[in-house]
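Residues in the sequence shown are numbered from 19 upward in steps of one, following the working numbering. We put the CB at the ideal spot given by N, CA and C, even for glycine. All values derive from a computational prediction rather than experimental measurement. The structure under discussion appears below in the form of structure tokens.
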Amino acid sequence: GTIRVQDIIDYEIKSSYQLTVRAADSYSGKWAEVILSIQITDINDNPPEFSQYLYQLNVSEATAIATPILTVMTTDRDIGSNAGVSYQVLYSNGTVPPDFYISSDRGVLMLRQSLDRELQDIHNFLIVATDMGTPPHTSTAHVTIY
Numbered sequence: 019g020t021i022r023v024q025d026i027i028d029y030e031i032k033s034s035y036q037l038t039v040r041a042a043d044s045y046s047g048k049w050a051e052v053i054l055s056i057q058i059t060d061i062n063d064n065p066p067e068f069s070q071y072l073y074q075l076n077v078s079e080a081t082a083i084a085t086p087i088l089t090v091m092t093t094d095r096d097i098g099s100n101a102g103v104s105y106q107v108l109y110s111n112g113t114v115p116p117d118f119y120i121s122s123d124r125g126v127l128m129l130r131q132s133l134d135r136e137l138q139d140i141h142n143f144l145i146v147a148t149d150m151g152t153p154p155h156t157s158t159a160h161v162t163i164y
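This is the structure in structure tokens:
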């Protein structure tokens, strides 16, 4: 016989199933049962989710280089390596902001160089979170620094 699913299976909802399969001989009435254990494999079906998608903060010109100014938090409902997340800082055009960097593994945003309000008073950029699944999923948060 064939065993088929009637609905979508999602590892994050239920990771294993146990079924009792019965085979019966309609002529003799004899039957046998076996317990079938099914383990579901996780796929990368969930993107990382930021705890918030807009960060607005004030950073003083006197803030020292390499000072942590923001820590972003994400969750990924996948399991194992599919849930691992790395971070990067980008302008909306894909270039890297020269004044900021982020620890790719912890999501800690820091100053790469001192800020100068006379040269630029507002900084707008994105923090991109990419999970470690195949294919990878990404999500973005917008950052404005005054």
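Can you list, in chain order, the residues of its chain with a C-beta nearer than 6 Å to that of residue i? Leave out the 5 residues immediately preceding and following it.
i	result
Thr93	Glu67
Leu37	Leu54
Are residue i and residue j close, meaning C-beta to C-beta below 7 Å?
i	j	result
Pro86	Val23	no
Tyr164	Ile140	yes
Taking just the CA atoms, how far does residue j sit from residue i?
i	j	result
Tyr119	Ser69	20 Å
Asn76	Gln106	20 Å
Thr81	Arg95	36 Å
Asn64	Asp117	31 Å
Val39	Ile56	12 Å
Label residue i either buried or exposed according to how many other C-beta atoms from any shown protein chain fall within 10 Å of its C-beta, with 16 as the threshold for buried.
i	result
Thr148	buried
Asp25	exposed
Ala42	exposed
Ala159	buried
Tyr29	buried
Got a sec? Which residues, its chain only, sit under 8 Å from residue i by beta carbon, not counting five neighbours each side?
i	result
Gly98	Asp60
Glu79	Ser132, Leu133, Asp134, Arg135
Leu88	Tyr73, Leu75, Val126, Leu127, Val161
Within the same chain, show all residues whose beta-carbon is closer than 7 Å to that of residue i, passing over the 5 residues directly before and after it, in chain order.
i	result
Leu108	Val114, Phe143, Leu144, Val146
Val52	Val39
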